[in-house]
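**Q**
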Amino acid sequence: MKVLILGATGRMGGGMVKALKDSPHQLYALSRDPTSAKAEALKSNGATVFKGDFDDRDSLDRALSVGIDSVFFTTVPDLQGGDSDLRQTKNILDAVKAAGVKQLIYGSLAYPGTEEGFKTIYESLEPTNWVKLYFNRKLELDQLVRDSGVQYWTIIRPPSFIQNHVLPETVAFIYPDLPTKHQLKSTFDHSIPQWYADGSEAGKFAAAAVSDPEGLHTKEVKFGAEALTAQEVVEKLSQASGKPITLYQWPEEELKEALMTHPFHITCEIISKMGFDPEIGNAEKYGVKLTPISEWLENNKTGTWLSS
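Heads up, the sequence shown is in the UniProt record's numbering, so the first residue is 1 and it goes up one at a time.
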C-alpha cells in the first residue's frame, strides 16, 4: 500500500512513520520545507516527502496523485478561536475523496471520563465556555471523518501525552515552574486518575489500521498506557529526574485566576468532573504493546529538564 502521513513530523504522525518504516508499505509525507532537518529525518526512514501544507489544496492533490491508498492526518486545535483546523480538515477530506483514497485514519483524542460523565458536563457548559467550544470542534471533525464516504475509516483516540510534562515546548506553556521550582501545578482533581501514554504510540494503532483496514473500519480506538493520579505523576517525575518534585497546592485566588485565563488549566479542571473511564487501557486487543510511563521518562530525559 501507498500511505500518505499528514503531520508526519508531529508526535502521532512521527510514531506512525516509525511503526511502518520496516514494513512493505510505501510511505509519503508533506512538509512546508522538504529540505528541513525534520523532513530529512523522514526521508531517512524511507518516506518520500512532498512540498506543501494542509491549506494548499494543490499540494495535497499532487501528493495524492501518486496513487495513495491510505491517508493519516491530524490537525492542531486553533486556540485563538479561529477555524484553521476545520478548514484544513475539510481541505484534506475533499482532496482524499477526489483522489479516490480507500482508507482514512484520523488522529483525534480520547474524550475524558465515562460516556455519561462527559455528556453530562459537556451539556452543562455555557455555549461560550472555552472547553465547550473546543469539544464542539472536536466532535464536528470526528463526524466529518465518519461521513467522509471513504471505504474504510478509523479514528485513533490517544489520552494525555506524558510528553507534556517533559518536552521544552510544552513545559514552557503548561508547567513553567516544573523545571525551576520542581513543582507540578496541576488543575486535575488530585484524587482522580487520568490516562497517559507516549503520544507517538498512537502511530502504532494507525499502523495497525493500515495493516487491517477492514478489521479496524469504523473503530474508534481509545488507549492509555497507565492511569495515574497527579501525585503518582509527581513520583514518576521525581524518580526519573532524581529531584524531589512536589505537587503544588493552589491558593484559592491563584487557582481562580488560572481557571479564568489559562486554557489548559481550565480544560483539566473541567475534565476532572467528567469522571474516570477504566476501559481506555485496552491496547492488547489491537496487538499493540505500550511503553510504561517510567520507562518512557527514563529513555527520553536527555536534553530535557529531567536531566539538567
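Ideal Cβ placement from N, Cα and C applies to all residues, glycine included.
(1) Note down, one range per segment and in chain order, each beta strand (DSSP E) of at least 3 residues found wholly within the stretch 148-219.
(2) Look at the Cβ atom of Ile270, then the Cβ atom of Val131, and state whether they are nearer than 7 Å.
(3) Considering only residues of the stretch 245-290, which uninterrupted alpha helix (DSSP H) runs meet the minimum length of 4 residues and lie entirely inside it, listed in chain order?
(4) Would you kindly work out how many angstroms separate the C-alpha atoms of Ala227 and Tyr196, rounded to a whole number?
(5) Quick one: what's got a C-beta closer than 8 Å to Ile121's C-beta in the same chain, skipping five residues either side?
(6) Residues in the same chain with beta-carbon distance under 7 Å from Leu20, minus the five sequence neighbours each way, listed in chain order, please.
(7) Taking 8 Å as the cut-off, does the stretch 238-253 touch the stretch 91-99 (at least 3 CB pairs, one atom from each stretch)?
(8) Using a 10 Å radius around the Cβ and a threshold of 16 neighbouring Cβ atoms, would you call Thr128 buried or exposed?
(9) Cβ atoms of Ala230 and Phe264: under 7 Å apart, would you say?
(10) Could you check which residue in Asp277, Ser65, Asn136 has the C-alpha nearest to that of Asp83?
(11) Report yes if the CB atom of Gly107 is closer than 7 Å to the CB atom of Met12, and no otherwise.
(12) Hey, Ala225 and Lys301: beta-carbon distance below 7 Å or not?
(13) Use the C-beta contact count for Asp147: other C-beta atoms within 10 angstroms, 16 or more gives buried, fewer gives exposed.
(14) What does DSSP give as the partner residues of residue 327 in its beta bridges?
**A** Taking the coordinates as given:
(1) 152-157, 194-197
(2) yes
(3) 252-261, 263-272
(4) 6 Å
(5) Gly113, Ile270, Lys273, Met274
(6) Val3, Leu27, Ala207, Val210
(7) no
(8) exposed
(9) no
(10) Asn136
(11) yes
(12) no
(13) exposed
(14) Because the chain spans 1 through 308 in this model, residue 327 falls outside it and cannot be assessed.
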